[in-house]
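Each residue of the sequence shown is one higher than the one before, counting from 263 in our numbering.
Every residue gets a Cβ at the ideal spot worked out from N, C-alpha and C, and that includes glycine.
In this text, all values refer to a predicted model and were calculated from it rather than measured experimentally.
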Amino acid sequence: MALRLPRIVLLVLALLGTLLSVTSTARAEVENPRQQWLRDSTAGLFLHWGMFTAPRHTDCAAWERDVTAGGWSADYWVDEALKLHASYIVLATFHSRLGYARPWPSKIPGSCSTQRDFLGELVAAGKAKGVHVLLYMTDDPQWHNEVPGVETLDSAAYSAYKGQQVDLTTRQGFGMYSYDLFHEVMDKYPDLSGFWIDNDNEYWEQHGLYEQIRQQRPSWLLSNNNEDTPIMDTVSNEQKTGMTPAYDYPQATFTPMPRLTEADYKLPTTGQWWYDGSDGKVDYGLSVGRYVANAGSSIKSLMAETAMVNGKFPPQQVAFNNFMAGWLPPIVSSLAKTQGGGYMYGGMQPGFWNDGAHGVITLSGDTQYVHVLTKPVSQDLVRLRDNGYAVKSVSDVRTGRSFRFNQSGGYLTILGVSTWDQYDTVFKVTTAGQTGVYPNSMLKATASSSAAGHPAAALVDGSYPSYWDADGQLPVSMTLDLERPRLATYLAVNQTEWSPTHARESFGRPEDSARIKDYKVSVSLDGRHWKQVSAAAMPSRRGVQFIDIGNQLARYIKLDVLNTWAGAQSPTYFGKLKIDEIRVGYAYPKALHNSLPLEAESVHGTHVRPCPACSGSAAVVGGVTYRNVQAPADGSYKLELTALPTHDRALSVRANGGPPVRVTLDAGNPDVPTSIALPVQLRAGANTVQITGDSPVDRITVGPLPPASYIPKTTMTVKPSGIVWVGPGEQSVTVTANLRLDEDAVDNIRMAPTAPAGWTVTGAPVTASRLRLGQTISGTWTLTGSTAAKVPIDVTFDTVGLPHKVSQTVPIQIRPADRIFRREAESSLNQIGSAGITSCGACSGGQKVRNLGGADDAHVVFPDVTVPTEGDYSLYLDYTVNGTKSYFVSVNNAAPTEVSVTDVGNTTVRTTQLPIHLAAGTNTIRIYNTEDAAPDLDRISLG
């Protein structure tokens, strides 16, 4: 896969090229009948196969001979795709890392072209068996001389063919060449289904290529990788990792429905996208989980397998394909021609469920499929928000077995599950549709801020593609008008799924979650007098999210969003908020014929009160004693207590007559249950658990303590980040740290630096008794010393009584004697705009700034570059580059100096220097290239 990301194209040139080339104008076609076959698909097979497939060939004819001699067959690829229930194949042979080979006979010289028509054979074989074929096309010439002594692009031959001098190693020249290839393919292969394009090339855009494809082949699809080009049908999201759970690929995608979206990823867990000589392992749980999780978000799984020279797959990939051929058919009805649930098509809430369970929802009419990809840790039930759907029946898709269920408090609970599939337990849930939700036509919405074209009315218009945009204003307020006073119990919020769920980097671009974090909800009868009914943090998760507000009589409901999860390191998402729809619920569906385990009201002799938001729709007042709490063995367990936070919110828990443990519920709406967890000692068999206090009890659950390896997810930032360079002698460094809790709950928090030998810390530890979702602690300290050191900032806390620690290190180094200033490019002291930070093993500090150039803000600005006297200095730039690229260096906003560098591979750190003039004291240095890609930057120094 090409790892280059989009660059800015001059609008004037793009418009001029379009006007000269075509009569129609590019426009976004989010939905079009030609897309239907792909919308009905679940998966595709991605094949990177070319001249540089191992063993690498450098002669085109020799490669073709070995392919044919090895018995290559198009039917083999089609049959393997069908085992995966893949509806299409993307053939990536004209690839920058595979020798720019063309698997078809071509009259256009310029790179490897075969005599045998492999592409034509594949298209015909696919058509015969109902498998579509798309052709991969690269935009990128930079790898033309990756193999020493081998030039894969023949500029002389192409220049002779065109009758003009064309350098194929430049983006403009390569764009012209590949533009001709697009047209050749369109002319030769009418049964092809489209092009899969690995990022845009300026020449294509300037000459209206996409519009021409639309005119000549209107039924063909256009897919783009990693960027959302309006005229394209599909946006592909490449090789996303770092999610929890690892298979939940949609957490890292950035494209909202109904845009046709694809996830392209490697099936082997190691190695290249193409066959590199290894038989890499296929992680079945990860691969099956991705396949199903993507379907749960209406995302197509484009799975990359590594065909060898003869076209065959390595043994471990063949084994996986054979496994899927047997495993998929019993549940294919829950995946094929379905939509993801919890989004614009309706459905229950996907994601994180009870007791560690995780899964997704797929939809087919009034039938919903609950896919449990991670089973509960110890419970024999699945509990998820029902989103107002009244359930009629639940059964196992594989066996047809019916299951008992309960509906109450906004949740569906599937009971008595004793057998779980290793990868995906699928329940078929039939419903009578949504109940207890006001129709959108009844609601009106206003907001304190709205972007042009995205008014507050879009919050309640019933159309997910039309969304409300806060126009970069936070805090921001939305008010829903119910026409007259009505009962309201909850809000269902579908935020626009245009950002990942967590802070991450995508090919060096900083990304983060533009989702609601802290919020408040208030209600009013007249729009003047308000009562707050909820204040909390909303989890940063995909799909519909709920705010329970108790039974409220109100005409107006106001949602105040105080902030979002995105941090300032990601300017694309920081301070931004978009919401598709908000719905108002006034009643939860009920099916109470089967009770949940350990419901408080199931204990005889208790005083029961109604509680619509509680499981079982009831709670117990005055305490409850459970006399048959089962444990498999003597030991410590996690007891989760759910109760209403009334009165002083204090409750006492006693197990088997032992000493009472006092707990305090978090503050909240007294009509909405909240939970708190604590460790308890239980013995094997039946136990007695007594709960006393004034807060009404809903239920308890008992399970194992979290494993020692479990640490609640946090986001910790330390400034300055990266290596801190200081001069010789005793120096002081001011350090600030911030910790945010992103899941669960923790107690007894302490944060402080740990001083290494020879260093001292000024400033007290920061402590807090409790942190809940989204809450933070911060501290600032001064570190003083005279030697190189690694200073850890440690945070300790407890989860259910278990101690944990997270830490970040501040590396401090002494700069060389011939340098009067040095700073890492990735340092948090700098401004990197829309560029991004990526790992680099050869770089100082293990990181560098990538994606410099191509936009005005894709830069690195070094403020506070301090020198003792005005004068001329040498600026040293440490960089990596592939090919020839340029920086522009501006000092204190003066005219820039261009610095051009050349290298191969982008992996070796080089140094270049230029003279600059600096003022005494602080200066600002900006390194950029507004029009083209610049080299990656490791650090700067002054001498």
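Helix or strand or just coil, what does DSSP make of SER596?
helix
Please state if the CB of MET1013 and the CB of ILE1055 are separated by a distance shorter than 8 Å.
One thing to note: ILE1055 has its Cβ within 8 Å of the Cβ of MET1013.
Starting from SER358, trace the alpha helix (DSSP H) in both directions and tell me its first and last residue.
Run containing SER358: none; DSSP gives neither H nor E here.
My output table needs one value for PRO295: the three-state DSSP class, helix, strand or coil.
helix
Beta strand (DSSP E) segment containing THR330, residue limits
Taken as a continuous stretch (DSSP letters only), THR330 belongs to no beta strand (DSSP E), being part of the alpha helix (DSSP H) at 322-331.
HIS633 - partner residues in DSSP beta bridges
VAL622 and VAL688
Return the residue from the list LEU677, THR1061, GLY878 and LEU484 that minimises the CA-CA distance to LYS975.
THR1061
Output the distance between the C-alpha atoms of ASN487 and ILE459, rounded to the nearest integer angstrom.
6 Å
Nearest to GLU567 by alpha carbon, out of LEU677, THR315 and VAL497?
THR315
Along the alpha helix (DSSP H) that carries ALA419, what are the first and last residues, could you check?
417-424
Quick one: what's got a C-beta closer than 6 Å to GLY551's C-beta in the same chain, skipping five residues either side?
TYR509 and LEU635
With DSSP as the reference, identify every bridge partner of ALA799, one or two as the case may be.
ASP780
Reference ARG945; option with closest CA among MET438, VAL923 and ASP896
ASP896
Can you give the beta carbon distance from PRO512 to ASP541, rounded, assuming they're within the 8 Å contact cut?
That belief does not hold up - the Cβ atoms of PRO512 and ASP541 are roughly 29 Å apart, past 8 Å.
Backbone secondary structure at PRO932 - three-state DSSP
Taken through DSSP and simplified to helix, strand or coil, PRO932 comes out as coil.
Cross-strand partners of ILE493 (DSSP beta bridge)
Note: ILE493 sits in no beta bridge, so no partner.
How would you call LEU815, buried or exposed, if buried means at least 16 neighbouring beta carbons within 10 angstroms?
Classification of LEU815: exposed, given that the 10 Å Cβ count is below 16.
What residues in its chain sit with their C-beta under 7 Å from that of LYS1110, if we drop five residues either side in the sequence?
ALA1087, GLU1088, THR1100, CYS1102, THR1142, ASP1198, LEU1199 and ASP1200
Pick from ARG924, PHE1083, GLY724 and ALA881 that is closest to SER670, judged by C-alpha positions
That would be ALA881, whose Cα lies nearest to the Cα of SER670.
Just to confirm, are TYR1138 and ILE1094 a CB contact at a threshold of 8 Å?
Between TYR1138 and ILE1094, the C-beta gap is not smaller than 8 Å, which leaves the two residues out of contact.
With a 10 Å radius around its C-beta and 16 neighbouring C-beta atoms as the bar for buried, classify HIS764 as buried or exposed.
buried
Just the Cα atoms here: how many angstroms apart are GLU473 and PRO480?
10 Å
In angstroms, rounded to a whole number, what distance separates the CA positions of ASN1185 and ALA1120?
20 Å
Measure the Cβ-Cβ separation of THR751 and ASP810 and say whether it is below 8 Å.
yes
Same chain, Cβ closer than 8 Å to GLY279, five either side skipped, listed in chain order:
Low per-residue confidence applies at GLY279: pLDDT is 36, beneath 50, and the placement is therefore not dependable enough to give any value.
So which of LYS543, GLU863, ASP545 and VAL738 has the shortest CA-CA distance to LEU839?
VAL738
So is the beta-carbon of ARG1081 under 7 Å away from any non-hydrogen atom of the ligand MG?
Within the structure as shown, the ligand MG is missing, as the structure has no ligands at all.
Is the Cβ-Cβ distance between ALA875 and PRO935 less than 8 Å?
yes
Less than 6 Å between C-beta atoms, sequence neighbours within five positions excluded: which residues of the same chain meet that for THR523?
Excluding residues within five positions, the ones whose Cβ falls inside 6 Å are VAL497, THR517 and ILE561.
Pop quiz: HIS394 and SER335 are said to be a contact at Cβ under 8 Å. What is the actual Cβ separation, rounded to whole angstroms?
Actually they are not in contact, since the Cβ atoms of HIS394 and SER335 sit about 18 Å apart, beyond 8 Å.
Reducing DSSP to helix, strand and coil, say where ALA917 ends up.
strand
Bridge partners for ALA1079 per DSSP, in chain order?
For ALA1079, which the question treats as bridged, DSSP gives no partner whatsoever.
Are THR624 and LEU597 close, meaning C-beta to C-beta below 8 Å?
yes
Under the rule that 16 or more other beta-carbon atoms within 10 Å means buried, what is ARG289, buried or exposed?
For ARG289, the predicted model reports a pLDDT of 47, less than 50, meaning its position is unreliable; a value from the coordinates is still stated below. Per the 10 Å Cβ criterion, exposed.
Contact check, GLN427 vs GLU464, beta carbons under 8 Å:
Contact flag unset, no.
Could you please give me the residues that DSSP links to GLU473 through a beta bridge?
GLU473 pairs with nothing; no bridge assigned.
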